[in-house]
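Position in the sequence shown (first residue = 1) + 21 = my numbering. Glycine residues also receive a C-beta, built at the ideal position from the N, C-alpha and C atoms.
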Amino acid sequence: MIKSVKEAVCKRLSLLVFILIVMQPLLDVLSFFLGEMGSNALSTLLRFGLLAVVALLGFIVSGKKRLYIVFYAAAGVFWALHMANCFRIGYQSMVQDAANFLRIVSFLVFTLSLITFFRQGRQVRRAILLGFGVNFGLFWLFTLLPWVLGMPQYTYDKLFVGMMGWFSIPNAQSTILVLTAPFAIYWAYHTRKYPLFLIMCLLCFSMMFVTGTKLTFYSIFIIAGAYAFLFALQQGKSCLRYSLPLLGMMVLVFVFRHQSPMDLREQMSAYSRDLYNQKVEQSLQKNGGDKEALEEAQKKAQSSTKDKEKDKDKKKQPVAERTMEQIHKGLFYVYTDSETYGDFFKDMNERFGVYRVMDAYRYSTSSGVLSDFRVMKSLFSQMVWEEKDFATRLLGYEYSEVVVGGTIYDLENDFPAIYYFFGYIGFALYMLVFVYIAFAIIRAFLLDVAWGLKAAPFPREGDRKAKCLWGAKGFWQGFRQFLTVEMGAAGMSFLLAIIAAQISGYVLRRPNVTIYFAVSAAYLFHLCVDMRRESLSALRKAVLAKISRNTP
22 MIKSVKEAVC KRLSLLVFIL IVMQPLLDVL SFFLGEMGSN ALSTLLRFGL LAVVALLGFI
82 VSGKKRLYIV FYAAAGVFWA LHMANCFRIG YQSMVQDAAN FLRIVSFLVF TLSLITFFRQ
142 GRQVRRAILL GFGVNFGLFW LFTLLPWVLG MPQYTYDKLF VGMMGWFSIP NAQSTILVLT
202 APFAIYWAYH TRKYPLFLIM CLLCFSMMFV TGTKLTFYSI FIIAGAYAFL FALQQGKSCL
262 RYSLPLLGMM VLVFVFRHQS PMDLREQMSA YSRDLYNQKV EQSLQKNGGD KEALEEAQKK
322 AQSSTKDKEK DKDKKKQPVA ERTMEQIHKG LFYVYTDSET YGDFFKDMNE RFGVYRVMDA
382 YRYSTSSGVL SDFRVMKSLF SQMVWEEKDF ATRLLGYEYS EVVVGGTIYD LENDFPAIYY
442 FFGYIGFALY MLVFVYIAFA IIRAFLLDVA WGLKAAPFPR EGDRKAKCLW GAKGFWQGFR
502 QFLTVEMGAA GMSFLLAIIA AQISGYVLRR PNVTIYFAVS AAYLFHLCVD MRRESLSALR
562 KAVLAKISRN TP
């Protein structure tokens, strides 16, 4: 029974993977309209159901079911320990915490299952590439339709800046565009249809330009520059046919950078910061002296604190206390007055106290820091973490800890969020996946270099220069063999996903983005491990044969 099901699934695996990829934009649009109607709980349930189906299919077709059992057992044991600790300190919402746990673990589940799909299914790579190409067409369709219908959607809706279609979270959609573009361009290149390649490059980079986020804008230069380098590396002098259009698009983006939605949004943000700086100056003058005097007091407080740590002389403590009183008096209304940042810090002030919030912000008066919601979320999570005992730091705290009065202060940066929610143990286990992928990449590179050195004729008689030239030639051949255009596409998507997870977020904890990251990780793993197993085996045999010949 199970064997027949496995055979049936394997025969249709490439089609199933293609459907899995193409349905992602459709689910995003469904989520958008459900959100407009009041609740997108249905689309969330559909995504969790999809995760369960992918996990089940991966287990069914896998030839290493023990690996799945070990993985899910480890995840289950950790979750049980995490829950037990949360009950110990007082659980607020196990449902919210369980949903957060599933979102974080979904990357691991998708990656493990997709690696299995690569191994068991034929044409899975082709299905994935075609799916990414189709998806970019769908992105453009669902972005243009609301504008054509007279219902424009903006990336920054309050500023009316940037083009965004029927997608709920602009940051998440911008990350999806960045992760999809390398594969979509490679698919067009792989078809060997030059007009299609040019059209796909234009579609990808123009959409990333009009979206208007920093991530999409600067990724244009990263992706185009990387592809230009890859074509030069693999094609030599004949690369101009593919590299020149990419370089031309980079030049156009740079020339019109000041007309980009990203730059317009930055100008508006700078103007807003200037206004708040003026309000802060007025508040300081009214309640505690000017900004320069406060900065001097801050320096004295810092130096006094350092002195107290070095020397416990009680005579120095009143100086620090007077200095802190001056700082608290000057900053109190900056952090509490509704005309400045009182409304912005209301929840934090109630949760931690005004003076502790000031201390977390290092008594900053910079509007660039105080207005940054990302900084606020980071400090909020950090202050919650500082309250916890050692057991909680081992296993992480629950999701409800970052929810105050209906406002969610969940970190946007994924890796610190996993650290706080999973603790030392969970974070270390989670990072093992990335360590293993990095090891697989390095091993594949060294294997190709070894083959390059083996292919280059070794100068048995010659000077050091000849041997150095042999080493350089072998290394270069191995490098070119390793860094193919396909490897570059998967590597670009994977590295951009890691960068986005750290600086932008919405990568490892949103299923609609996570699946793209998982595809890039599984694709890269497949190229580095599965595609090189025969080469590794042959190299081992060659080394053993050489050793046996040299053994007397």
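Here the segment 489 to 501 makes no contact with the segment 398 to 414; the two share fewer than three CB pairs at distances below 8 Å. Under the 8 Å Cβ criterion, the segment 515 to 533 does not count as touching the segment 255 to 274, having fewer than three qualifying pairs. Nearest to residue 440 by alpha-carbon distance, out of 375, 33, 191, 406, is 406. Residue pairing by DSSP places residue 428 opposite 425 in a beta bridge.
Closest option to residue 532, judged by alpha-carbon separation, among 175, 196, 164, 85: 196. In this structure the segment 377 to 396 does not lie against the segment 67 to 84, because fewer than three pairs of beta carbons, one per stretch, are closer than 8 Å. The alpha helix (DSSP H) runs of length 4 or more contained entirely in the segment 220 to 279 are, from start to end of the chain, 235 to 256, 261 to 276. The beta-carbon distance between residue 153 and residue 212, rounded to whole angstroms, is 13 Å. This is too long to meet the 8 Å contact definition. Residue 182 is bridged by DSSP to 177.
According to the DSSP assignment, residue 214 belongs to no alpha helix (DSSP H), since it is labelled neither H nor E. Between the alpha carbons of residue 547 and residue 425 lies a distance of about 43 Å. In the DSSP assignment, residue 477 falls outside any alpha helix (DSSP H), carrying neither H nor E. Each of 295, 428, 417 was checked against the Cα of residue 438, and the nearest Cα belongs to 417.
With fewer than 16 other CB atoms across the displayed protein chains lying within 10 angstroms of its CB, residue 259 is exposed. When DSSP states are grouped into helix, strand and coil, residue 452 belongs to the helix group. Our two residues, residue 344 and residue 381, have alpha carbons roughly 17 Å apart in a direct line.
Contact annotation: residue 109 and residue 182 have beta-carbon atoms that are not nearer than 8 Å. Scanning 511, 289, 522 for the CA closest to the CA of residue 149 turns up 511. Bounds of the alpha helix (DSSP H) holding residue 68 are 62 to 82.
If the five residues before and after residue 144 are omitted, its C-beta is found closer than 6 Å to the C-beta atoms of 35, all from its own chain and listed in chain order. For the pair of segments examined, the segment 354 to 366 was found to touch the segment 295 to 304: the number of CB pairs separated by less than 8 Å reaches three. Taken through DSSP and simplified to helix, strand or coil, residue 302 comes out as helix. Three or more Cβ pairs drawn from the segment 42 to 49 and the segment 154 to 162 lie within less than 8 Å of each other, which places the two stretches in contact.
Within the model, the alpha-carbon separation for residue 356 versus residue 454 is close to 42 Å.
The segment 371 to 421 contains no complete beta strand (DSSP E) run of 3 or more residues.
In terms of Cβ geometry, residue 81 and residue 32 do not form a close pair [threshold 8 Å]. Taking residue 506 as reference, the option from 208, 164, 87 with the minimal CA-CA separation is 208.
Boundaries cannot be given for residue 363, as no alpha helix (DSSP H) includes it and DSSP labels it neither H nor E. Counting other Cβ atoms within 10 Å of its Cβ, residue 124 reaches 16 or more and is therefore classed as buried. In this structure, residue 242 sits near residue 271, with a CB-CB distance shorter than 8 Å. When 404, 460, 126, 155 are compared, the shortest CA-CA separation from residue 204 is found for 155. In this chain, residue 552 is not harboured by any alpha helix (DSSP H), its DSSP state being neither H nor E. A direct Cα-Cα distance of roughly 10 Å separates residue 129 from residue 536. Counting along the chain, no alpha helix (DSSP H) covers residue 170, and no H or E run does either.
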